[in-house]
Amino acid sequence: MNPEIQKRIEQIQKGYIPEGYKKTKIGIVSGEWDKYKFVNLFSAVSEFTVDTETYPLHSLTIENGVIPKSERYERGFLVQKTENTYKIVRENQFVYNPMNLRFGAIARYKGTHPISVSGYYDVFSCKDRKHIIFMDYFLKSDKLINFYNRMATGSLVEKQRVHFSQFLDFELRLPSTNECEKIAEILSTWNKAIELKDGLIFAKKQQKKWLMHNLLIGKWHEVQMGDVFEFEGGFSASRNELNSDEGICYLHYGDIHKSNKLYIDVRAEYSCLPKLIISVNKLNSKCLLCDGDVVFADASEDYEGICKYVVVKNKENIPFIAGLHTIIARPKNDSISDDFKLHCFGTSNVKKQFAIHANGISVYGISKNSIAKILIPCPPLPEQTAIANILSTADHEIDLHEKQLEELKKQKKALMQLLLTGIVRVNAEKVI
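Under the numbering used here, the first residue of the sequence shown carries the number 73, and numbering increases by one thereafter.
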């Protein structure tokens, strides 16, 4: 890294303002940047429609930007349609939700076909098209989101919002148009690398599904889970009762849903696992998780989550309990190898059975009796080992690519912090 850039970063970390920089509403930025009012950069767009066939209805999400409205959350039938029901959004226009702007609910629409969004959203465009890509990054940066949060108004915290009139009145220091274009070019290079890696991960996951289908479905004798497992319920404790330092390791059903792994290694992950302060003597021994147990989450907001599971690796018998909304499947015999357990519950056939047995409306649940009826493939042990080796190799490859993806995202975030504040200056020729 350029010594001058390193020096600036160190000064800012120590609370100093580097020479040539200024402290502003969004933090320390280059003093060479001029002040711009948003009203001079953006124009409101108010094009209304009720025609959601010509202009398909979309929604704005914090995670994924502007996306098609899902059927599950389609509540248009509750809306009395008038000529001002929906707003039309065209390519490269921005959408933001006044109520959730402070959480990052702002995005550029990147599609080419015009769409519609809720009339509650604000829609605007850049007056200078050269600013479009830069603003796509800048308006969603951490410093801007923190700024929106401070600027939000409302007597109740949960109802605070940033009105569009306030938004247009913001005045911030920004780089020149040439520097904006260069910053956008650099960040777009990282974005492209992230998109390519995302695509590769998707392809690898599809390849694994193909492998699972060809290796596991319709080729082997099937057994009901109740023939090879006995089932226990989890120990009831709320998230508020857990801590990170002392007590017995505790597996929360929410952590099963969030996990990208098919197993949990108690020794390796001991320091990261939540703990519950309780004496082992007060626990039913059936609550304690053993090596080779499989723990299923028995509740989910969607069918995909109702079959989420982890296999327990606990050869040292470290005290470990599963919590509320979990079902423990404990092997009755050695007919299913531990490595094969990582994969045999993930086939499309098994997932369909979980979905069939699930019950509920907004939240789906499954019982121990229902899980016991589910059929799983049960090849001879040598074949289980061979299949598990192939699928574990595929998992390892996916895991490697996902770690590389996370590294690219970290690099992009670090670049945004440096470029969008002018700590690292760029123009058409060089980095300053």
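Glycine included, C-beta positions come from ideal geometry on N, C-alpha and C.
Being a predicted model, the structure only gives us computed values, none of them experimental.
Contact check for Leu240 against Val111 passes: the beta carbons are separated by less than 8 Å. For Cys198, the enclosing beta strand (DSSP E) stretches over residues Asp194 to Cys198.
Looking at the DSSP output, Thr121 bridges to Tyr158.
Relative to Phe392, the option among Arg180, Val366 and Leu492 whose CA is nearest is Val366.
A straight-line Cα-Cα distance of about 16 Å links Ile84 and Leu487.
Using a C-beta cut-off of 8 Å, the stretch 414-430 makes contact with the stretch 450-464, since at least three inter-stretch Cβ pairs fall below that distance. Within 10 angstroms of the beta-carbon of Asn169 lie 16 or more other beta-carbons, which makes it buried. Contact between the stretch 344-361 and the stretch 273-290 is absent: fewer than 3 CB-CB pairs across the two stretches fall below 8 Å.
CA-to-CA, the gap between Ile205 and Lys212 works out to about 12 Å. Residue nearest to Glu135 within the set Tyr108, Val101 and Ala179 is Ala179 (criterion: CA-CA distance). Measuring C-alpha to C-alpha distances from Leu480 to each of Glu230, His185 and Thr261 identifies Thr261 as the nearest.
The beta carbon of Tyr220 lies closer than 6 Å to those of Leu173, Arg174 and Val234 in the same chain, with the five residues before and after it left out.
For Cys362, the secondary structure class from DSSP, reduced to helix, strand or coil, is coil. Apart from sequence neighbours up to five positions away, the residues of its chain that approach Lys380 with a beta-carbon distance below 6 Å are Ile328, His329 and Ala369, ordered along the chain.
For Phe206, the enclosing alpha helix (DSSP H) covers residues Ile204 to Phe210. Note that the C-beta distance between Gly418 and Leu323 is not below 8 Å. Contact annotation: His203 and Leu113 have beta-carbon atoms nearer than 8 Å. Note on Gln425: 16 or more other CB atoms within 10 angstroms of its CB, so buried under the neighbour-count rule. Judged by beta-carbon spacing, Ile399 lies beyond the 8 Å limit of Phe307, meaning their Cβ atoms are not closer than that value. A distance of 8 Å or more separates the beta carbons of Pro128 and Ile160.
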